[in-house]
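Peer 1:
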Amino acid sequence: MTPAAGEGRRGSRYPRTKKGRATMTDGAFRSPRCWRRRVRSLSMGVLLLFLATAAPLCRPRTFTEMVLMRDGMTHLATKVFLPPGEGPWPVVLIRTPYDKEALDGQARSFTEAGIAVVAQDIRGRYASEGTFRFFLDDGWGENADGYDTLRWISEQSWNDGRVCSWGGSAVGITQYLLAGSSPPGFTCLGSIVGTGDLYHGVAFQGGAFRESLI
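Here it is in structure tokens:
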């Protein structure tokens, strides 16, 4: 049997209007279940909006300086990543021949943990001045670029006095050379597939000269 006008169908969750039509719009506003769905959707929208606006605040502050070495004429391009908030912070130093500009993602992993990062092109590489001489300037010889860089870091107001180096391969080699120069404030190193023995570990592996690695 067809319901009379204005009665609606039995069990319908929509209200009956004067014209006998059930309207979803009116019912949606009167249904507690629909209200809960709307509140959840609104809450999710507010959360996503907050995350979108908060994301830039989590990005590290960055700047680049040309740090002068002890020879008085060579400047090394040095990019600094500072965590959000107020310092000072411990610092991870990455001295690389592979281009410091490729380290933004790795640096952000540290800054999100409250650790500042200093990424530097070693002498003669990319934006740094001088001539690249296969690590001869990274240890404790006439030039000691690693030592000079760490001393510069220790003089900055954003450093809390602790510096650890990190990185792999050639970046690991620069760490061993830095450690051998006994710089002040050097706390630890994290060398990955690096070697402190360039003779046996690089140039003469197994006693044979590896020209391709030089």
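When we follow my numbering, the leftmost residue of the sequence shown carries the number 1, and every step to the right adds one. Built from N, CA and C at the ideal position, the CB exists for glycine as well.
#1: Can you tell me whether DSSP reads L103 as helix, strand or coil?
#2: In its own chain, which residues sit with a C-beta less than 8 Å from the C-beta of G167, not counting the 5 before and 5 after it?
#3: Terminal residues of the continuous alpha helix (DSSP H) containing D148?
#4: Please report the distance separating the alpha-carbon of W89 from that of A208.
#5: Just to confirm my understanding: we take Y126, look at its own chain, exclude 5 residues before and 5 after, and list those with CB closer than 6 Å. What are they?
#6: Can you tell me where the beta strand (DSSP E) with T64 in it begins and where it stops?
#7: Tell me the residue span of the beta strand (DSSP E) that contains V92.
#8: Can you list, in chain order, the residues of its chain with a C-beta nearer than 8 Å to that of R123? Leave out the 5 residues immediately preceding and following it.
#9: DSSP three-state label for G168, please.
#10: Output needed for L177: all residues of its chain with C-beta closer than 7 Å, excluding positions within five of it in sequence on either side, in chain order.
#11: Cutting at 6 Å between CB atoms, please list the residues of its own chain near G201, excluding the five before and the five after it.
#12: Which residues bound the beta strand (DSSP E) around S191?
#13: Using DSSP with H/G/I as helix, E/B as strand and the rest coil, what is G139?
#14: If I follow the unbroken beta strand (DSSP E) through Q120, where does it start and stop?
#15: Cβ atoms of G114 and W158: under 8 Å apart, would you say?
#16: Using alpha carbons as the reference points, say which of G185, T187, V163, F63 lies closest to V92.
#17: If I measure Cβ to Cβ from A107 and keep anything under 6 Å in the same chain, skipping five residues before and after, which residues do I get?
Peer 2: On the basis of the coordinates in this document:
#1: Residue mapping note: residue 103 aligns to position 103 of the sequence shown, counting from 1. L103: helix per DSSP, three-state reduction.
#2: For the purposes of this step, residue 167 is identified with residue 167 of the sequence shown, where counting begins at 1. Setting aside the 5 residues that flank it on each side, G167 is surrounded in the same chain by I94, R95, T96, T174, Q175, G190, S191, I192, G194, each with a C-beta closer than 8 Å to its C-beta; the list follows chain order.
#3: If you number the sequence shown from 1, residue 148 lands on position 148. Its alpha helix (DSSP H) spans residues 145-154.
#4: One-based indexing of the sequence shown puts residue 89 at position 89. One-based indexing of the sequence shown puts residue 208 at position 208. Near 45 Å, if we compare the C-alpha coordinates of A208 and W89.
#5: As a position in the sequence shown, residue 126 is number 126, starting the count at 1. Counting only Cβ-Cβ distances below 6 Å, and skipping sequence neighbours, we find D99.
#6: Counting from 1 along the sequence shown, the entry for residue 64 is found at position 64. Per DSSP, T64 is one residue of the beta strand (DSSP E) stretching across 61-68.
#7: Here residue 92 refers to the residue found at position 92 of the sequence shown. Run containing V92: 89-96, per the beta strand (DSSP E) assignment.
#8: The sequence position of residue 123 within the sequence shown is 123, counting from 1. For R123, the CB contacts under 8 Å within the same chain, skipping 5 residues up- and downstream, are M69, T74, L76, E129, G130, T131, F132, R133, D137, D138, N143, D145 in chain order.
#9: Residue 168 sits at position 168 when you count from the first residue of the sequence shown. Strand.
#10: As a first step, residue 177 must be located in the sequence shown, where it is residue number 177. Correct list, in chain order: F135, D138, G139, G146.
#11: The residue you call residue 201 lines up with position 201 of the sequence shown. Here G201 has T195 as same chain residues with Cβ atoms under 6 Å from its own Cβ, once five neighbours each way along the sequence are excluded.
#12: As a first step, residue 191 is located in the sequence shown; it is residue number 191 there, counting from the start. Element bounds for S191: 186-192.
#13: Walking along the sequence shown from the start, residue 139 turns up at place 139. Note: G139 maps to coil in three-state DSSP.
#14: The residue given as residue 120 occupies position 120 in the sequence shown. Here the beta strand (DSSP E) through Q120 covers 116-121.
#15: The residue labelled residue 158 in the question sits at position 158 within the sequence shown. The residue labelled residue 114 in the question sits at position 114 within the sequence shown. No, Cβ-Cβ distance for W158 and G114 is not below 8 Å.
#16: As a working note, residue 92 is residue 92 in the sequence shown. Here the closest residue by C-alpha is V163.
#17: Within the sequence shown, the letter at position 107 stands for residue 107. Closer than 6 Å at Cβ, skipping near neighbours: F81, V117.
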